[in-house]
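Undergrad: The sequence shown runs contiguously to residue 385 in the numbering used here. Handing you this structure, nothing more for now.
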Amino acid sequence: RMDANPSRTSQARNDDDWPAPGIFGFVWHMISSQFFFFVTYFFQHFWVNAKPKTDYSHKLLVIGDGVAAGFGDYATCIAPPGLTRHLSRILRREVSVRTYWTLLNCGVFGSTSDDWHPECKHAPDNVRAYGRILGTIHNFFGSSRPLWRQIFGDPRFKDVEIVLICVGLNDSKFGSDTKSAKKTQENIKAMCLELESKGIEVIVSTIPLRWRLRGKETSASSSVPFNLFDADKRRNCLIASFAEEQEGVYLGVDLGSPGYNRHKLYCADAVHFSSAGYTKWASDLRDVLVPAMVRVEAKTWKSILK
Numbered sequence: 080r081m082d083a084n085p086s087r088t089s090q091a092r093n094d095d096d097w098p099a100p101g102i103f104g105f106v107w108h109m110i111s112s113q114f115f116f117f118v119t120y121f122f123q124h125f126w127v128n129a130k131p132k133t134d135y136s137h138k139l140l141v142i143g144d145g146v147a148a149g150f151g152d153y154a155t156c157i158a159p160p161g162l163t164r165h166l167s168r169i170l171r172r173e174v175s176v177r178t179y180w181t182l183l184n185c186g187v188f189g190s191t192s193d194d195w196h197p198e199c200k201h202a203p204d205n206v207r208a209y210g211r212i213l214g215t216i217h218n219f220f221g222s223s224r225p226l227w228r229q230i231f232g233d234p235r236f237k238d239v240e241i242v243l244i245c246v247g248l249n250d251s252k253f254g255s256d257t258k259s260a261k262k263t264q265e266n267i268k269a270m271c272l273e274l275e276s277k278g279i280e281v282i283v284s285t286i287p288l289r290w291r292l293r294g295k296e297t298s299a300s301s302s303v304p305f306n307l308f309d310a311d312k313r314r315n316c317l318i319a320s321f322a323e324e325q326e327g328v329y330l331g332v333d334l335g336s337p338g339y340n341r342h343k344l345y346c347a348d349a350v351h352f353s354s355a356g357y358t359k360w361a362s363d364l365r366d367v368l369v370p371a372m373v374r375v376e377a378k379t380w381k382s383i384l385k
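Here it is in structure tokens:
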């Protein structure tokens, strides 16, 4: 029997059908994942080789977990994957942005909101961040400083004027309190307040939801089953409520909204975005990001005219 409303059938197929990637998709995902770890490990310093800001050039910084880092996007050695790459294309056509903006990506795959807390004392898990081989090497030769000190103690990032935060995706599995959505909110709040105190514009996006796991019992540990989809949904509610209520903090894009419940927007792990997902995120972010850039530019012009 055919459905009388084809659009309803198509919508149901988009929203509810999350096919398994298959053997080819799985193998391709493993290869692309290792390549992502390789290029981020060896080329991340080349990507962020930014000059100091001037009256005619400004900086935007993206921080957070693997979604912020661009995992799942098409990666090359020339430019960082993820949001910043897709945003740069949009901003080139934006007539209201009058000065040059350097877009910097310092997301760390596998990191939690605990890792990004300004008062965190430990380094992130390098095996999660770079894979088993490169992560083990980094444990011996790389930096052991906490993420906040690594990034904001670096002269290249001390003069950023807009920071976009997207973190919390891994809190349900690797956070200090895997069941506490409030803990994620508190960590993000601490990040925002620290940035605000430095006069930096802050934009916070919620995290993508694991739509494939909706209605299924999963587990953060072998002994305590719970639903990851519902746990992350609670996190998103608290993140959004904080961003909407906190003066000086702007809610970017709700990455857990039904508009992102389409399997083509995700890579094979059904957690991180594909190139199509990052394109949509960049497009949806425009309405919040461009006004923030205009505000920063206006402040600069006012200071010049005084």
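Just so it is clear, CB atoms sit at the ideal spot from N, CA and C, and this is done for glycine as well.
From this set, LYS262, ASP144 and GLY247, which residue's C-alpha is nearest ASN205's C-alpha?
TA: Position 126 of the sequence shown, counted from the first residue, corresponds to residue 205. For ASN205, the nearest C-alpha among the options comes from ASP144.
Undergrad: For TYR135, I'd like the list of residues in its chain whose CB is within less than 8 Å of its CB, leaving aside the five on either flank, ordered along the chain.
TA: Counting from one through the sequence shown, the residue named residue 135 turns up at place 56. Closer than 8 Å at the Cβ level, and outside the excluded window around TYR135, lie THR178 and TYR179.
Undergrad: Taking the CB atoms as reference points, tell me whether LEU183 and ALA129 lie closer together than 8 Å.
TA: Your numbering for residue 183 matches position 104 in the sequence shown. Your numbering for residue 129 matches position 50 in the sequence shown. Yes.
Undergrad: Applying the criterion that 16 or more other CB atoms from any shown protein chain within 10 Å of the CB defines a buried residue, is ALA166 buried or exposed?
TA: As a first step, residue 166 is located in the sequence shown; it is residue number 87 there, counting from the start. Here the sequence assigns Leu to residue 166, which means Ala is not the residue at that position. Label assigned to LEU166: buried.
Undergrad: Closest to PRO337 by C-alpha separation, out of GLU326, ILE230, ARG293 and PHE253, would be which residue?
TA: Here residue 337 refers to the residue found at position 258 when the sequence shown is read from its first residue. Here the closest residue by C-alpha is ARG293.
Undergrad: Under the three-state reduction of DSSP, which class applies to GLN325: helix, strand or coil?
TA: Start at 1 with the first residue of the sequence shown, and residue 325 comes out as number 246. Three-state result, GLN325: coil.
Undergrad: Mind checking whether VAL367 and GLY331 have CB atoms under 8 Å apart?
TA: Here residue 367 corresponds to residue number 288 of the sequence shown, with the count starting at 1. Here residue 331 corresponds to residue number 252 of the sequence shown, with the count starting at 1. Taking 8 Å as the Cβ cut-off, VAL367 and GLY331 qualify as a contacting pair.
Undergrad: DSSP three-state call for SER112: helix, strand or coil?
TA: The residue you call residue 112 lines up with position 33 of the sequence shown. SER112 falls in the helix class under three-state DSSP.
Undergrad: Using only the alpha-carbon positions, how far apart do ALA473 and LYS385 sit?
TA: Since the first and last residues shown for the chain are 80 and 385, residue 473 lies out of range.
Undergrad: To the nearest angstrom, how far is it from the Cα of MET372 to the Cα of PHE103?
TA: Here residue 372 refers to the residue found at position 293 of the sequence shown. Here residue 103 refers to the residue found at position 24 of the sequence shown. Each residue's alpha carbon lies about 42 Å from the other.
Undergrad: Would LYS237 be called buried (16 or more neighbouring beta carbons within 10 Å of its own) or exposed?
TA: Counting from one through the sequence shown, the residue named residue 237 turns up at place 158. So LYS237 ends up on the exposed side.
Undergrad: In the DSSP assignment, what are the bridge partners of LYS138?
TA: As a working mapping, residue 138 is identified with position 59 in the sequence shown. Partner(s): THR181.
Undergrad: Quick one: what's THR133 bridged to in DSSP?
TA: Counting from one through the sequence shown, the residue named residue 133 turns up at place 54. Answer by DSSP bridge pairing, in chain order: SER136.
Undergrad: When the distance is taken between beta carbons, is THR285 closer than 8 Å to ASN249?
TA: Taking the sequence shown and counting its residues from 1, one reaches residue 249 at position 170. Taking the sequence shown and counting its residues from 1, one reaches residue 285 at position 206. The answer is no: Cβ separation not under 8 Å.
Undergrad: Measure the C-alpha to C-alpha separation of VAL246 and THR263 and round it to an integer number of angstroms.
TA: As a first step, residue 246 is located in the sequence shown; it is residue number 167 there, counting from the start. As a first step, residue 263 is located in the sequence shown; it is residue number 184 there, counting from the start. Cα-Cα distance, rounded: 8 Å.
Undergrad: Could you give the C-beta distance for LEU344 and GLY356, rounded to a whole number, given that I count them as a contact under 8 Å?
TA: By 1-based counting over the sequence shown, the position of residue 344 is 265. By 1-based counting over the sequence shown, the position of residue 356 is 277. Confirmed, Cβ separation roughly 4 Å.
Undergrad: Quick one: using the 10 Å Cβ neighbour count with 16 as the cut-off for buried, is TRP360 buried or exposed?
TA: Position 281 of the sequence shown, counted from the first residue, corresponds to residue 360. By the 10 Å Cβ count, TRP360 comes out buried.
Undergrad: What's the gap between the Cα of ARG341 and the Cα of ASN266?
TA: In the sequence shown, the residue the question calls residue 341 occupies position 262. In the sequence shown, the residue the question calls residue 266 occupies position 187. So the two alpha carbons sit approximately 29 Å from each other.
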